[in-house]
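What follows is a set of notes on a single structure, which appears directly below.
There are 2 protein chains.
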Amino acid sequence: MEMMQYNKGTGSLKNWLVEESAFDSRYLGKCEAIFALGNGYIGQRAALEERYVGETRGLFVTGTFNKFDENEVTELPNLPDLTWMDIWVDDTRFSMSECDTTDYSRTLNLKNGELTRKVTLHTRDGKNVRFTFKRFVSMADDHLMGTRVELETDSDIRLKVVTGVDGTVSNHGSQHLSEGDKRVYGGKILEYPCKTEQSGVSLILHTALLAEGKTRSMNDRRKLLTELTAEVVAGEKFTFDKISAVHSTRDLAYDGVAVEEAEKRLQPESLAAFEKVLEKSYDAHFEESEKAWAALWEDQDIFVGSENDFDQLGIRFALYHLNIMVKKDDSRVGIGAKAMTGEGYKGHSFWDTETFIFPYFMYAQPDTAKTLLTYRFKSLIGARNKAKENGYEGAMYPWESAWIDDGEVTPYYMGVEPITGNPQYCLTGKIELHVTADIALAVWQYYQTTGDQDFMDRCGYEILLDTARFWNSRLEWNADKNRYELTDVIGPDEYKEHVNNNAYTNYLVHLNMSLAAEIAGKLPQLNEKLYRTLCDKLGDLSKLKASIEEKLPLIYLPQPNAEGIIPQFDGYFDLKDLDLRKYKESPIVGLIYQDYNSHMLNDYKVAKQADVVELLYQQEDLFPADIKEKNYYYYEERTLHDSSLSKAIHSVLACDLGLHDVSYQMFEGALTTDLGQKMTSSNEGIHAANMGGIWQDVVMGFGGVRLYRGCLRIAPHLPDNWSELRYAIHWQGSRLAVTVRPGCVTIHNEGNAVDGLLLGGEKRSLASGETYTLDL
Amino acid sequence: MEMMQYNKGTGSLKNWLVEESAFDSRYLGKCEAIFALGNGYIGQRAALEERYVGETRGLFVTGTFNKFDENEVTELPNLPDLTWMDIWVDDTRFSMSECDTTDYSRTLNLKNGELTRKVTLHTRDGKNVRFTFKRFVSMADDHLMGTRVELETDSDIRLKVVTGVDGTVSNHGSQHLSEGDKRVYGGKILEYPCKTEQSGVSLILHTALLAEGKTRSMNDRRKLLTELTAEVVAGEKFTFDKISAVHSTRDLAYDGVAVEEAEKRLQPESLAAFEKVLEKSYDAHFEESEKAWAALWEDQDIFVGSENDFDQLGIRFALYHLNIMVKKDDSRVGIGAKAMTGEGYKGHSFWDTETFIFPYFMYAQPDTAKTLLTYRFKSLIGARNKAKENGYEGAMYPWESAWIDDGEVTPYYMGVEPITGNPQYCLTGKIELHVTADIALAVWQYYQTTGDQDFMDRCGYEILLDTARFWNSRLEWNADKNRYELTDVIGPDEYKEHVNNNAYTNYLVHLNMSLAAEIAGKLPQLNEKLYRTLCDKLGDLSKLKASIEEKLPLIYLPQPNAEGIIPQFDGYFDLKDLDLRKYKESPIVGLIYQDYNSHMLNDYKVAKQADVVELLYQQEDLFPADIKEKNYYYYEERTLHDSSLSKAIHSVLACDLGLHDVSYQMFEGALTTDLGQKMTSSNEGIHAANMGGIWQDVVMGFGGVRLYRGCLRIAPHLPDNWSELRYAIHWQGSRLAVTVRPGCVTIHNEGNAVDGLLLGGEKRSLASGETYTLDL
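So the protein lines, in turn, are chains A and B.
First residue of the first sequence? That's 19 in my numbering, and the numbers climb one at a time after it.
First residue of the second sequence? That's 19 in my numbering, and the numbers climb one at a time after it.
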């Protein structure tokens, strides 16, 4: 039987529940990650209460980055654990791998963010105890987490529970936190202060175990615990709750407050807040969180009428994670590649944010999209430093980004390269350049979609111009070929290092520079004051414009060969062929690295992920459909999809090209990346970009939404087994509710009148409240 | 059935084997500690190969102290783990708590230092695999560790083993090590470099998995691994070995070498050494270690002819640990209170070394004793700093001592005090003073026992004089009572803080100062040059002598009251009585702290450990036997023996007083502190001092050895159920083999002629080769 179940919800819970229906201690990581709870401020990995060999407990608070030592890069610290509970029934220590247990089920309710586990313990003395564990991270209070445990027993038992704060956790052994002076208030509130060693972020965790029974506090190094003992009577239900909170000096509440001042305020303020929290019951707090979730879904849910229920669940699962992965009102923090569901990628933001996740927020929550772009605006400090360090001008965005002024944080040393035994170094931080243009493109798309002139004036133009300045200084003149080139780069396909003229990169750079030249040309008329300010900051923009315009026609843009195939980079067609079947069929991601190191891979026609395909999706006008289709097939055959940034993008392009079966197949591949039956795929955390990819696949692929020459085009292509698709998107400040059914699409404008819609090939406007149906 | 078995060895292994005969995952810590392997350089905790919830893996290398951060004190870092192995049989991950296993036994062979585990796995498919795990830490090569795994299976199986170096271990969450650039040589040798963050000690671990089968290397953050896969055929034996080594820049080989130079040499030299190691087989290395153990036992074994075999095993167990707890040739390192068998007490040296462990080395291995005292000599830097920081002169030894120049390293913050919830602070580093006199006494005893004038000239006099200088400045004049006092101290009994005139301390200080005055008086005649040198270093010693001699008669030395009881400190008799039965009967050490905090305990007549009793044992002439007996009973009744420094000392004093039953009872209590059936007593590591206590109990108690007024007295008192006791001790450079039988003792002088023996009340000499029998 498969461990993951997707069709258990009925009635109002239909397609809202993800269930793990069997426990297997070999596969702890997957559900720890995909069942993670959060609210954008907190990410709480779903390790079970009792400990297991192979578990990875995880608690993260956005923005609390710290660098362990000079050999490492800054990362999101794994904070002291609050979920662990040692539970003893008489002399039996409860464990599903060591004791006889039955009737297991663990369910994440996407609708209200509650994680529930049920399991029955059968002790050696023949006693049967039914446990129900519930958890939530509040959607109504950033700082709040709750656990409830219910027991029903058929015999009298002596219950002992030990839980509290466990500060022995670390990031794979690297400890970011100094332990402060622990306290216990009134024998009930445990207070665990700690501080990041290098970045000096102070944190305080509070927790209280609320139960009938005898409690006493205990402590050990990096631990502060409560022991509960109780006699539980047969037939009676015994319940205990654990309510916890975390606060830090990096909270938005202390933004702009001097460090010493914030440190002074943190302890009394967080304790007072926690005392206030304890005035209400677990039920009351959970209800508030549930309400916040209800409001969110009311606004954000997408309805898929598919013969395959999994499709509906899959998009909701993606929306669930998209909505817990970012603190929507804090523009000092980005989105981690594994969100806050694991230590993988250290909480760093990649191009994943702009290229994969951002479109969701841009269309569905423009305010959050603005927060994300503002994060990049605030990160210009680091981007400019990186450009300078590398000998360039302007803003060269970090390949991996952490706190706003950290700059480049990509780790250089990557461990041992398995083929030779030598150290392996990671070049993405040095030569994977396209992220800079990806960010510029996101800014431009946001502007076109929202018309948010204020953001452009404050942040957007500056990003677009300064990224173009970088490119302008980075381009290399090839006198032999009389053209500008970009050599020694890595494109999206990371199985190819040190390539010249990666098509994706060159085209995107061309676009980035064109947009900047256009802005530099128009701005003096549009907003002269701003133009002057920007000239003061970035140098004479008329000169920049002139320089760009001189170079633009000379930038080398790779063209299709005689067979219509665009070379991914210079010399691609000279590479050797490789039989990829072994790798394509394997469930092991990155299996090819066991046989080939990155140096060797450079010689073969094998890609990790969409590269030319990504380009053809992003810039649909570059080539005609037949060229795109040829390239799709050519490159897909040579792509291992070893990156989760691959399948959803393939699906959307296939959808555009009318390759419906292929498209749906790729969609299912994207859905099952985290949610499927592969039990080890998400160990290090969920694939955040893929959550955005799934959304793009549904709304931009099947839903047919696209920004096209400044217009919003809606041209759906429902999969054959879908009877309906309903989603909402924002356009120029108005929310449009879109319903797609076979043969027609209906658009209802819930906001003010908008224009610039491209429907059935025609440009249209839509009045406030207007509903428009287009036959497909 | 009891988990620990002590009588399984037969023939030449009789009373050499300690066995754990059942596996219970609730009780991992005990055997991890008591089965620890080592050689003085390495301490390897005996965590099992496969992981368990609740395990504490541990690898320590002497002297590699590091301080995690400003809130912590320096400690011996828990180094990357080499013992862990994930073992898969087909799809079953081997685990004794998760799989069906039978025929378990784990045995520490004290004779050859080999740890062997046998267990049979029954897979769900009905396959039966018999495992034998063997381990040793070489007694012949400081750096070398080996593991051998043998399998016999009744069905063909697919075996997978993953093992290597796991650097994610930490000290209860505090990570001391920075990870360096890992390497793999020839697909076989894993190289894992790391460095302590604050103290800058570089370490390199090498390991190789030697096996038939397919291997490949893998790595992850802080991990470098080899995966072995093999098809194991039914009926055939499959064996694989893992050989590992650790080297550091703090090795004796680099003593005096500049840090940069040592760092440069470490990698090539340790790799070359490891390559040389691999030229020989596991068997060859094990044999060399076994030979070294054989030579050690030949010299150090003690024979106990007891009706209770446990007595023989117990003393060998103590000797085993005494001989792996210290690097005998490295005078830069001391002995940790838990040796190197756990993280408890952070690898720090206490008075445990001089007062409990030192006598063994002094009598049985004088060279090691000299190493230990030289460590204290080298630590004078820190002791002088401590005196200065506290406003005193001379050498005030640290209560807890780590690297030679660290000075005082006692942690101040001790976690939360359970009664009030407030932070709890540890005062021993500030006011538990007696360690300074304990060290001075050890120096004096060593001198008397060995006659090692060279040591005295280089180190011993300076320690004795500078400690006396400290006391001379520390004594307080009480004008009302016309006496010198020592107020606000902690005596050996740590349940009493801030006491005045602790009897143990005052008497010992008096002795320390008397000895110094005597030396200061004689030295100008004995060695004028040295006297001048010491005057230059320590100030005018004639003035010191005069000052001490003026004070000595005025130092307050508490006297017995009307009932003959010596007050442990001022006002002791005014304290309240407490019913101690609950705590005395409880197996929980320190249970009283659940009801009383240290502040409250000050008000009651309750002691943690021997205090007045320790004094009466150490300075036997102070009081007549009847007073000693009264005090023994009075204080024992009020002592919880919550310290392992208690029972053995009680036993020796009881033995001296002829209280034979009591003495034997206390001896058994000391033997079972680590070795008994209490399965949680040794979780944090073995009780190193108690190992020395056991030796003192056997040799100084039952064996009747005592330094008395400059003579060696041998006056045995065999327990009733002992028919024989054989031990060897060194006196004035000669090894004396002593055989005790009921009614007589035979002493054979294996060395040069010695005098100063006190036998049957008479002073005697013993010619070289002479055997002397004394009727008792």
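By construction, the Cβ of each residue, glycine as well, lies at the ideal position given by its N, Cα and C atoms.
Just so it is clear, the structure is predicted and the values come from calculations on it, not from any experiment.
Whose Cβ in chain A lies nearer than 8 Å to the Cβ of residue i?
i, result
"residue 85 of chain B", "Those do not exist, as residue 85 of chain B stays about 12 Å from chain A at its closest Cβ, beyond 8 Å."
"residue 69 of chain B", "71 and 72"
"residue 700 of chain B", "Ordered by position in chain A, no residue passes the 8 Å Cβ test against residue 700 of chain B, which lies about 16 Å from the chain."
"residue 193 of chain B", "86, 188, 191, 192 and 193"
Can you give me the start and stop residues for the beta strand (DSSP E) that residue i sits inside?
i, result
"residue 417 of chain B", "Run containing residue 417 of chain B: none; DSSP gives neither H nor E here."
"residue 232 of chain A", "232-238"
"residue 512 of chain A", "No beta strand (DSSP E) contains residue 512 of chain A, which DSSP labels as neither H nor E."
"residue 9 of chain A", "Chain A is shown from 19 up to 794; residue 9 of chain A falls before or after that span and cannot be answered."
"residue 39 of chain A", "Looking at the DSSP string, residue 39 of chain A is not in any beta strand (DSSP E), and its letter there is neither H nor E."
"residue 134 of chain A", "132-140"
"residue 782 of chain A", "780-784"
"residue 264 of chain B", "255-266"
So, residue i versus residue j, is the Cβ gap smaller than 8 Å?
i, j, result
"residue 381 of chain B", "residue 717 of chain B", "yes"
"residue 119 of chain B", "residue 182 of chain B", "no"
"residue 635 of chain B", "residue 552 of chain B", "no"
"residue 138 of chain B", "residue 146 of chain B", "yes"
"residue 87 of chain B", "residue 215 of chain A", "yes"
"residue 475 of chain B", "residue 548 of chain B", "yes"
"residue 504 of chain B", "residue 527 of chain B", "yes"
"residue 219 of chain A", "residue 266 of chain A", "yes"
Taking all protein chains shown into account, decide if residue i is buried (16 or more other Cβ within 10 angstroms of its Cβ) or exposed.
i, result
"residue 601 of chain B", "buried"
"residue 272 of chain A", "buried"
"residue 142 of chain B", "exposed"
"residue 328 of chain B", "buried"
"residue 7 of chain B", "With chain B covering only 19 through 794, there is no way to say anything about residue 7 of chain B."
"residue 470 of chain B", "buried"
"residue 693 of chain B", "buried"
"residue 673 of chain B", "buried"
"residue 24 of chain B", "buried"
"residue 668 of chain A", "buried"
"residue 377 of chain B", "buried"
So which residues on chain A does residue i lean against when the C-beta distance must stay under 7 Å?
i, result
"residue 190 of chain B", "186, 239 and 240"
"residue 618 of chain B", "Here the premise fails: no neighbours, minimum Cβ distance about 16 Å."
List, in chain order, every chain B residue whose beta-carbon is nearer than 8 Å to that of residue i.
i, result
"residue 770 of chain A", "Residues of chain B passing the Cβ test: none, with the nearest at roughly 52 Å."
"residue 200 of chain A", "433, 434 and 441"
Residue i lies in the alpha helix (DSSP H); which residues open and close that run?
i, result
"residue 125 of chain B", "Residue 125 of chain B -> not in any alpha helix (DSSP H); beta strand (DSSP E) instead, spanning 118-127."
"residue 501 of chain B", "Careful: residue 501 of chain B lies outside any alpha helix (DSSP H), inside the beta strand (DSSP E) at 501-503."
"residue 711 of chain A", "706-713"
Segments assigned alpha helix (DSSP H), at least 4 residues, entirely inside the region 538-562 of chain A: 546-556
Start-end ranges of the beta strand (DSSP E) lying completely within the region 718-770 of chain A, minimum 3 residues: 723-726, 729-732, 740-749, 752-759 and 762-767
Segments of 4+ residues assigned as alpha helix (DSSP H) that fall wholly inside the region 603-669 of chain A: 616-619, 630-636 and 643-655
Within the region 343-423 of chain A, ranges of the alpha helix (DSSP H) (whole runs, at least 4 residues): 376-382, 384-396 and 398-407
Unbroken stretches of the beta strand (DSSP E), 3 residues or longer, contained in the region 156-240 of chain A: 162-171, 175-184, 195-197, 201-203, 207-214, 220-229 and 232-238
Sequence ranges, alpha helix (DSSP H) only - wholly within the region 268-348 of chain B, length at least 4: 277-295, 300-318 and 327-342
Segments assigned beta strand (DSSP E), at least 3 residues, entirely inside the region 414-471 of chain B: 431-434 and 441-443
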